[in-house]
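Trainee:
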Amino acid sequence: MRRSATETTQSAAKVTRRGLIVATAQMGFVGILGARMRYMQVEQADEFRLLADENRINIRLIPPARGQLFDRNGAVIAENEPSYRITMVREDAGDVNTVIGRLSTLVELDDDELNRALTEMNRSAPFLPVTIADRISWEELSRVAANAPALPGVTPEVGLSRRYPLGSAFAHVAGYVGPVSQRDLERIEDPDQLLRIPRFQIGKVGVEAKYEDLLRGKAGAKRVEVNSIGRVMRELDRREGQSGANVQLTVDHKLQDYVRARLGEESASVVVMDLKRGDLLSIASSPTYDPNKFVRGISVADYAFLRDNDHRPLASKTVQDAYPPGSTFKMVTALAALEAGLITAGDTVHCPGHLEISDRKFHCWKRAGHGHMNLELSLRESCDVYYYDLALKVGIENISAMARKLGLGEKHDIPMSAVASGLAPTKDWKMRARGKEWVIGDTVNASIGQGFVLSSPLQLAVMTARLATGRDIKPRLIKTVDGVSQPSGLGAKLDINKNNLRKIRKAMYEVSNNRRGTAYGSRIIEDTFRMAGKTGTSQVRNISAAERARGVTHNADLPWERRDHGLFVNFAPFDNPEIAVAVVVEHGGGGSTAAAPIARDVTLQALYGEDPPLAAYPNKDRGRVRAQQKRLRDLISESASDGNGRA
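For the sequence shown, the working numbering puts the final residue at 734, and the numbers step up evenly by one.
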C-alpha cells in the first residue's frame with residue numbers, strides 16, 4: 088500500500104526525534120565518562136600516583152572513650168583521664184642510646200620500663216612506635232615537645248586511661264581494667280579488633296568486666312597512606328568512634344565509704360539492700376585494695392602482698408564466698424515447719440542442753456539448756472535443740488525448698504565476678520555430689536545452718552529482705568545505663584502465709600529488743616528505727632580432744648584462722664522496713680559480739696544518711712560511739728586525701 092505524503096512526513100519526523108533522543112543519550116554518557124576520567128586523572132592524580140609507586144590505603148582503628156561508672160547519686164566511680172606518654176621510632180631516632188640519654192634529662196625514666204621498651208623495640212619493625220615512658224606529667228610532656236628538634240624519632244602523645252577516684256571503696260564492685268592479654272583474646276570467641284590494639288584496656292573483674300561490651304564503645308577509623316613496607320605516609324580522613332555507655336550503680340558511695348572504714352582491718356563483708364527496689368546500697372568486702380594499681384599492670388611485689396595476705400583482700404567476699412549461715416538459717420527451718428502445718432507458734436520443746444538422735448548427742452550452744460522453748464523464745468535465745476526437734480518433723484526437702492524460696496542456694500544475677508550459688512542441700516544432691524545416702528544427722532545439722540548448707544552474704548541479705556517484705560525481691564546493682572532505668576528488683580508476693588511471716592518477724596524483733604535476746608546489746612533505741620535481726624555463729628572446725636586436754640576450750644584460744652565466723656542479719660525499721668543488712672565477720676567468734684555491733688552501726692548510718700545522733704544508741708555505748716564516729720570521719724578524710732578513697 089502506498090503511503091500518502093502526510094504519512095511519509097509524519098514517519099520521517101518520528102525517526103528524527105528518535106535519533107535525537109539516542110544521540111542525546113550517547114552524548115550524556117560520553118560526558119559522564121569524561122567527567123569521571125577527569126576526576127580520576129586530575130583530582131585523584133596524587134592518590135593514584137602513590138598507588139602506582141606501590142603505596143596502598145590502610146584502615147586504622149581509633150579507640151573510643153570508655154563509658155564511665157557512677158554511684159546512685161552521680162559521684163564518679165570510674166572515669167577516663169588524659170594519659171601522656173612518650174613514643175620512639177627506632178629508624179627515625181638514629182642513635183637510640185644517644186636520644187634516650189637526652190630524653191632522660193627531661194623526663195625521669197623508669198629502668199624496668201625502659202628495658203622493656205628497648206626489648207620491644209629490637210623485636211619490632213624499625214618504623215613502629217614503641218612507648219618509652221607512660222603516664223608522664225603535662226609538664227614533662229611539654230618539655231619533650233619544646234625540645235623536639237633535639238629528639239629525632241621521639242613523639243609526645245595524649246591518650247585516655249582509666250582512673251578510680253574513689254579508690255579502694257569500690258574495688259570489689261566496679262573491678263578494674265588492664266591491658267589486653269593473650270589469655271583475654273583466647274577466651275573470647277570472636278574478639279573485637281579493638282582488643283588487638285597494643286595496650287588497649289579491657290575490664291578484668293567486676294562491673295568493668297561484666298559490662299565490657301557496653302562500656303567499651305564502638306571503634307572509629309582513619310584512612311592512612313602506607314608505603315610498600317607498611318610505613319604511614321599521611322592520614323587521609325578520620326571517623327570518630329562511639330563512646331561507651333555510662334553506667335550508674337545503685338551503691339551509695341558515702342555509705343560504702345562508711346562501711347569500709349567501719350570494717351577496718353577485719354576480714355569481713357557487709358551487704359545493705361533497699362527494700363523498695365532491691366537496690367544494693369552498699370556491698371563491701373574487707374580488706375580491700377586500690378584498683379588503680381592494676382590499670383597499667385601491677386608490680387610483682389604489690390600483687391604478691393595482696394595474694395599472700397591471709398585476709399584475702401582480692402576476694403569479693405560478699406558474693407563469691409559461701410559460709411555455713413549458722414543460726415541465721417533458723418528462720419528458714421521455722422518457716423518451713425509453720426508452712427507445712429507441723430507446728431504452731433505456741434508449741435514448746437524442752438531443751439536440756441542436747442538432743443540424742445541415733446545414739447549421738449547433738450548439743451545446744453548453751454550446755455546447761457534453755458528449758459521450755461516456743462518459736463519466739465527459740466529465735467530470741469537461739470536455742471539449737473528446738474531446731475533439732477523441728478528437723479525430725481520437717482525433713483530436709485521442706486527445709487531446702489523454703490531456703491530456695493527465700494533466695495538461698497540461688498546464684499543471683501548481678502554483674503560481679505565469681506558470684507556463688509551457695510547450697511541448699513537435698514538427698515539427691517548428696518548422692519550426686521558425695522555418692523552417699525542422706526542421714527538424719529545431716530538434716531539435724533542443716534536445721535541450724537551447719538553441715539552442707541552454704542550461703543553468701545548477698546544471699547543472706549536477700550533472705551532477710553524477703554522475710555521483711557514477703558515479696559520475691561531480687562538484688563539490683565545497676566540503676567541506669569546511659570540514663571535508661573533498669574528493671575526494679577521488687578518482685579511479686581511470695582507464696583507464704585503472711586501470718587507465718589509476721590510470727591518470724593516478731594521473733595526477730597525480740598532478738599534485738601528483748602533483754603534476753605542474743606543481740607540486745609546492739610539494739611537501736613530510737614523507736615522509729617528499731618531493728619529486727621538474728622545472730623549466727625558459723626563453726627569452722629571442732630576443737631579436738633587433744634586440744635581440750637591442753638586447755639583449749641574457747642574460740643579465743645584458737646589461732647585466728649580456726650575461729651568461728653560471726654554473722655548477723657537484720658531489717659529496719661521494724662514497723663516499716665526500708666533496708667535489710669547482712670554482716671559476716673570471718674573468724675570473728677560469735678555473731679552477737681562481732682557482727683551485730685557492725686550491723687547496728689551500718690543500719691543507723693544508712694537510715695539517717697549521715698552520722699546518727701547519739702540518742703539512737705543505748706546510754707552505755709554513747710561515749711564509745713562518739714569516739715568511733717570521730718575516728719571514722721578522720722579515716723574517711725585521710726583515705727580521700729591520699730587517693731585511696733573518695734577524691
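C-beta atoms are modelled at their ideal positions from N, C-alpha and C, and glycine is treated no differently.
Nothing here was measured: the structure is a model prediction, and the numbers come from that model.
Based on the DSSP secondary-structure assignment, which residues constitute the bridge partners of histidine 450?
Mentor: By one-based count along the sequence shown, residue 450 stands at place 363. His441, per the DSSP bridge assignment.
Trainee: To the nearest angstrom, how far is it from the Cα of proline 400 to the Cα of alanine 256?
Mentor: Looking up residue 400 in the sequence shown gives position 313. Looking up residue 256 in the sequence shown gives position 169. Near 12 Å, if we compare the C-alpha coordinates of alanine 256 and proline 400.
Trainee: May I ask which residues mark the beginning and end of the alpha helix (DSSP H) holding glycine 623?
Mentor: Here residue 623 refers to the residue found at position 536 when the sequence shown is read from its first residue. That residue, glycine 623, is in no alpha helix (DSSP H); its beta strand (DSSP E) goes 619-625.
Trainee: Can the beta-carbon of leucine 342 be found less than 8 Å from the beta-carbon of glutamine 715?
Mentor: For the purposes of this step, residue 342 is taken as the residue at position 255 of the sequence shown. For the purposes of this step, residue 715 is taken as the residue at position 628 of the sequence shown. Contact: no.
Trainee: Three-state secondary structure (DSSP) at aspartate 708?
Mentor: Against the sequence shown, residue 708 aligns to sequence position 621. Aspartate 708 falls in the helix class under three-state DSSP.
Trainee: Give the DSSP bridge partners of histidine 652, in chain order.
Mentor: Here residue 652 refers to the residue found at position 565 of the sequence shown. Histidine 652 is bridged to Ser625.
Trainee: With DSSP collapsed to three states, give me the class of glycine 115.
Mentor: For the purposes of this step, residue 115 is identified with residue 28 of the sequence shown, where counting begins at 1. Three-state result, glycine 115: helix.
Trainee: Spatial neighbours of cysteine 438 within its chain, please: C-beta separation below 7 Å, excluding the five flanking residues on both sides.
Mentor: Locating residue 438 in the sequence shown gives position 351, where the first residue counts as 1. So the qualifying residues of the chain are Cys451, Gly456, His457, Gly458, Met460, Cys470, Val472 and Tyr473.
Trainee: Here's the rule: buried if 16 or more other CB atoms are within 10 angstroms of the residue's CB, otherwise exposed. What is glycine 822?
Mentor: Within the shown structure, residues of the chain are numbered from 88 to 734, placing residue 822 beyond reach of any answer.
Trainee: Just mark threonine 624 as buried or exposed, buried being the case when its beta carbon has 16 or more other beta carbons within 10 Å.
Mentor: Walking along the sequence shown from the start, residue 624 turns up at place 537. Buried, because 16 or more other Cβ atoms sit within 10 Å of the Cβ of threonine 624.
Trainee: Where aspartate 339 and methionine 360 are concerned, what is the direct C-alpha to C-alpha distance, given to the nearest angstrom?
Mentor: The residue you call residue 339 lines up with position 252 of the sequence shown. The residue you call residue 360 lines up with position 273 of the sequence shown. The alpha-carbon atoms of aspartate 339 and methionine 360 are separated by roughly 11 Å.
Trainee: Can phenylalanine 655 and alanine 606 be called in contact, C-beta distance under 8 Å?
Mentor: Here the question's residue 655 lines up with position 568 in the sequence shown. Here the question's residue 606 lines up with position 519 in the sequence shown. Yes, the pair counts as a contact, with Cβ atoms nearer than the cut-off.
Trainee: Judging by CA-CA distance, which residue of Ala371, Ile611, Lys363 and Gly365 is the nearest neighbour of serine 354?
Mentor: The residue labelled residue 354 in the question sits at position 267 within the sequence shown. Checking every option, the nearest Cα to that of serine 354 belongs to Ala371.
Trainee: Going along the chain, which residues of its own chain have a beta-carbon closer than 6 Å to the beta-carbon of proline 169, five neighbours each way excluded?
Mentor: For the purposes of this step, residue 169 is taken as the residue at position 82 of the sequence shown. Within the same chain, proline 169 has close Cβ partners Val245.
Trainee: So within the stretch 572-615, which uninterrupted beta strand (DSSP E) runs reach at least 3 residues, ignoring any that extend past its ends?
Mentor: The stretch 572-615 contains no whole beta strand (DSSP E) run of 3 or more residues.
Trainee: Mark glycine 118 as exposed unless 16 or more other C-beta atoms lie within 10 angstroms of its C-beta, in which case mark it buried.
Mentor: Here residue 118 refers to the residue found at position 31 when the sequence shown is read from its first residue. With fewer than 16 Cβ atoms within 10 Å of its Cβ, glycine 118 is classed as exposed.
Trainee: For a quick check, are the C-beta atoms of tryptophan 329 and lysine 305 less than 8 Å apart?
Mentor: By one-based count along the sequence shown, residue 329 stands at place 242. By one-based count along the sequence shown, residue 305 stands at place 218. Checking the sequence shown, residue 329 turns out to be glutamine, not tryptophan. In this structure, lysine 305 lies closer than 8 Å to glutamine 329 by Cβ.
Trainee: Does the separation of the CB atoms of alanine 162 and arginine 249 fall below 8 Å?
Mentor: As a working mapping, residue 162 is identified with position 75 in the sequence shown. As a working mapping, residue 249 is identified with position 162 in the sequence shown. Against a cut-off of 8 Å, the Cβ pair of arginine 249 and alanine 162 comes out as no contact.
Trainee: Compare the beta carbon distance of alanine 490 and glutamine 407 with 8 Å and say whether it is the shorter of the two.
Mentor: Counted from its first residue, the sequence shown places residue 490 at position 403. Counted from its first residue, the sequence shown places residue 407 at position 320. Their beta carbons are not under 8 Å apart, which means alanine 490 does not touch glutamine 407 by this criterion.
Trainee: In the DSSP assignment, find the alpha helix (DSSP H) that holds arginine 203 and state where it starts and stops.
Mentor: On the sequence shown, position 116 is the one that residue 203 refers to. 198-210 is the extent of the alpha helix (DSSP H) around arginine 203.
Trainee: With a floor of 4 residues, list each alpha helix (DSSP H) that falls wholly inside the stretch 255-311, ordered by position along the chain.
Mentor: You should have 258-261, 269-274, 293-297 and 299-303.
Trainee: Check whether the Cβ atoms of proline 411 and glycine 536 lie closer than 8 Å to each other.
Mentor: To locate residue 411, count along the sequence shown from 1; it is residue 324. To locate residue 536, count along the sequence shown from 1; it is residue 449. Against a cut-off of 8 Å, the Cβ pair of glycine 536 and proline 411 comes out as a contact.
Trainee: Would you report the Cα separation of lysine 380 and glycine 290, rounded to the nearest angstrom?
Mentor: Working through the sequence shown from its first residue, we reach residue 380 at position 293. Working through the sequence shown from its first residue, we reach residue 290 at position 203. Whole-angstrom Cα-Cα distance: 14 Å.
Trainee: On the DSSP letters alone, give me the boundaries of the beta strand (DSSP E) that leucine 368 sits inside.
Mentor: Along the sequence shown, one-based indexing puts residue 368 at 281. Unbroken beta strand (DSSP E) run through leucine 368: 367-373.
Trainee: Per the contact definition of three or more C-beta pairs closer than 8 Å, is the stretch 171-179 in contact with the stretch 230-245?
Mentor: Yes: at least three Cβ pairs fall under 8 Å.
Trainee: Let me check understanding here. Comparing Cα to Cα, which of His398, Leu253 and Asp434 lies closest to tyrosine 345?
Mentor: Here residue 345 corresponds to residue number 258 of the sequence shown, with the count starting at 1. Closest option to tyrosine 345, Cα to Cα, is Leu253.
Trainee: Name the DSSP beta bridge partners of proline 736, please?
Mentor: With the chain represented from 88 up to 734, any question about residue 736 goes unanswered, as that position is not in the structure.
Trainee: Count the other CB atoms, across all protein chains shown, that sit within 10 Å of the CB of glutamate 463; report buried if there are 16 or more and exposed otherwise.
Mentor: For the purposes of this step, residue 463 is identified with residue 376 of the sequence shown, where counting begins at 1. With 16 or more Cβ atoms within 10 Å of its Cβ, glutamate 463 is classed as buried.
Trainee: Check whether the Cβ atoms of valine 260 and valine 294 sit closer than 8 Å, and answer yes or no.
Mentor: For the purposes of this step, residue 260 is identified with residue 173 of the sequence shown, where counting begins at 1. For the purposes of this step, residue 294 is identified with residue 207 of the sequence shown, where counting begins at 1. Going by C-beta atoms, valine 260 is nearer than 8 Å to valine 294.
Trainee: I'd like the span of the alpha helix (DSSP H) that includes serine 487, first residue to last.
Mentor: The sequence position of residue 487 within the sequence shown is 400, counting from 1. Unbroken alpha helix (DSSP H) run through serine 487: 483-492.
Trainee: Would you tell me roughly how many angstroms separate the C-alpha atoms of alanine 511 and tryptophan 225, rounded to the nearest one?
Mentor: Here the question's residue 511 lines up with position 424 in the sequence shown. Here the question's residue 225 lines up with position 138 in the sequence shown. Approximately 56 Å between the Cα atoms of the pair.
Trainee: Considering only the alpha carbon of each residue, which of Leu228, Pro213, Met208 and Ala204 lies closest to leucine 193?
Mentor: Walking along the sequence shown from the start, residue 193 turns up at place 106. When each option's Cα is compared against that of leucine 193, the closest is Leu228.
Trainee: Would you say the stretch 673-693 touches the stretch 576-595, given that touching needs at least three Cβ pairs under 8 Å?
Mentor: With the cut-off at 8 Å, the stretch 673-693 and the stretch 576-595 do not touch.
Trainee: Just to confirm my understanding: we take phenylalanine 157, look at its own chain, exclude 5 residues before and 5 after, and list those with CB closer than 8 Å. What are they?
Mentor: Here the question's residue 157 lines up with position 70 in the sequence shown. Excluding sequence neighbours, phenylalanine 157 sits near Val163, Ile164, Asn333, Val334, Gln335 and Leu336.
Trainee: Per DSSP, what kind of secondary structure is phenylalanine 381 in: helix, strand or coil?
Mentor: Within the sequence shown, residue 381 is the residue found at index 294, counting from 1. Here phenylalanine 381 sits in helix by DSSP.
Trainee: Opposite asparagine 184 in the DSSP bridges: which residues?
Mentor: For the purposes of this step, residue 184 is taken as residue 97 along the sequence shown, with counting starting at 1. Beta-bridge pairing links asparagine 184 to no other residue.
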